[in-house]
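> In this note's numbering, the protein residues as written are 405 to 534. We put the CB at the ideal spot given by N, CA and C, even for glycine. As the structure is a computational prediction, the values presented were derived from the model and not from experiment.
1) Please tell me whether residue 513 has its Cβ less than 9 Å away from any Cβ of chain D.
2) Scan the region 481-529 and note each continuous alpha helix (DSSP H) run of 4 residues or more that stays entirely inside, going in chain order.
3) Just to confirm, is the Cβ distance from residue 497 to residue 489 under 9 Å?
4) Measure the alpha-carbon distance for residue 512 versus residue 475 and round it to whole angstroms.
5) Grouping DSSP H, G and I as helix and E and B as strand, with all else coil, what is residue 472?
6) Taking DSSP as the reference, what is the three-state secondary structure of residue 534?
7) I need the DSSP call for residue 479, collapsed to helix, strand or coil.
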């Protein structure tokens, strides 16, 4: 009877200590804003848990280098090749390009205003020549 009570007490203490936290590893304890990758990314955890000291930036670059971008590139190329213009819109664009070219506006030169009069300039010339 006493043994059963001790077992019950131990189980209750253990339940109090262990909260119902569902995490799969140590990486889940890191706050989301400090994580290297989002939860939806499937990456090799060995790159993150490697023993070498890397910064977050270096690890992100390493992860990006591991992913293969060919599928994304193929999708983009297919989307570009499938898009076509109607002949009417193409002709309108060409006509606008030919007719309505951008013209640079010439700035009007304002007459330079000076403090000196023409008589003053003549005096300066005479003094300079002497």
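Here's the rundown:
1) In the displayed structure, chain D is absent; only one protein chain is listed.
2) 491-503
3) Within the chain shown, residue 497 is the residue found at index 93, counting from 1. Within the chain shown, residue 489 is the residue found at index 85, counting from 1. Cβ distance < 9 Å, so residue 497 and residue 489 count as in contact.
4) For the purposes of this step, residue 512 is identified with residue 108 of the chain shown, where counting begins at 1. For the purposes of this step, residue 475 is identified with residue 71 of the chain shown, where counting begins at 1. Taking the straight line from one Cα to the other gives about 56 Å.
5) Mapped onto the chain shown, residue 472 falls at position 68. Note: residue 472 maps to coil in three-state DSSP.
6) Position 130 of the chain shown holds residue 534. Coil at residue 534, not helix or strand.
7) By one-based count along the chain shown, residue 479 stands at place 75. The answer is helix: DSSP assigns residue 479 an H, G or I state.
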